[in-house]
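Every letter in the sequence shown is one number past the one before it in the working numbering, and letter 52, counting from 1, is 52.
Report on one structure; see the data block that follows.
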Amino acid sequence: MTIMDKVQSATRATVQGIVDREPVNYLEGGGIYGIISQGRHNLCTLEIMYNHAQDSELKERIEEAMEKLTRPLIEECEGLLKESNAQVPQFHFTNHKMHKENLNIPEDARMTDMEIAAAIGTMAKAAQINILAALHSSYQLHIGVMFRRFLDESLDWNYRLLQLMINRGWLPHVAKITH
Numbered sequence: 001m002t003i004m005d006k007v008q009s010a011t012r013a014t015v016q017g018i019v020d021r022e023p024v025n026y027l028e029g030g031g032i033y034g035i036i037s038q039g040r041h042n043l044c045t046l047e048i049m050y051n052h053a054q055d056s057e058l059k060e061r062i063e064e065a066m067e068k069l070t071r072p073l074i075e076e077c078e079g080l081l082k083e084s085n086a087q088v089p090q091f092h093f094t095n096h097k098m099h100k101e102n103l104n105i106p107e108d109a110r111m112t113d114m115e116i117a118a119a120i121g122t123m124a125k126a127a128q129i130n131i132l133a134a135l136h137s138s139y140q141l142h143i144g145v146m147f148r149r150f151l152d153e154s155l156d157w158n159y160r161l162l163q164l165m166i167n168r169g170w171l172p173h174v175a176k177i178t179h
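Structural data, given as structure tokens:
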């Protein structure tokens, strides 16, 4: 931790101690509600993609996205809504059993690892935009810091996914443009 990080941390703690925590406002609540909804759908989709994936490292990235990013974010957002006596989304998507071993799904009926990696990368970018929008619409420090933390962790995860895609040759080739 750099000196500047320590100063920022101490400043945040001081400001947080001075300002009382208020219930989430409508903008924050709307963003949080959307994040919970999207997160629950993403979990369902990631479980299915996990079962289709053949590459063990890709399965690790998917599991990491679920257990270290999506579920904790949903839980923290639900906690914020409950603290404010706001209604938590009542709908849930089906939970799918995740199989460690590769399932015998015919190739013409399952996604390839390259397609899965591209799809979860796109899902991650959509989630990051949603978190960024919620961050920009929040005025309470503790909520903004939470969104910033998850956004940073998500960007780090996305970098690791891109590294995997580069190493496996899963990124599409972009032709050079010459002038």
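Virtual Cβ for every residue (Gly too), placed ideally from N, Cα, C.
- Shown here, PHE91 sits in coil according to DSSP, grouped into three states, outside any helix or strand.
- Per the coordinates, the alpha-carbon of LYS125 lies some 21 Å from the alpha-carbon of GLY29.
- In this structure, ALA65 sits near TRP157, with a CB-CB distance shorter than 8 Å.
- For LYS82, the enclosing alpha helix (DSSP H) stretches over residues 71-83.
- Counting only residues of its own chain and dropping the five nearest sequence neighbours on each side, ARG40 has a CB closer than 8 Å to the CB of ILE74, PRO89, PHE91, HIS92, PHE93.
- Three or more beta-carbon pairs separated by less than 8 Å are not found between the stretch 41-58 and the stretch 128-148, which leaves the two stretches without contact.
- For LYS125, the secondary structure class from DSSP, reduced to helix, strand or coil, is helix.
- Taking a C-beta distance under 8 Å as the contact criterion, LEU164 and ALA127 do not qualify as a contact pair.
- Taking LEU132 as the centre and dropping the five residues before and after it, the same chain places the C-beta of LEU151 closer than 7 Å to its C-beta, in chain order.
- Taking C-alpha positions only, ILE120 is separated from MET4 by approximately 35 Å.
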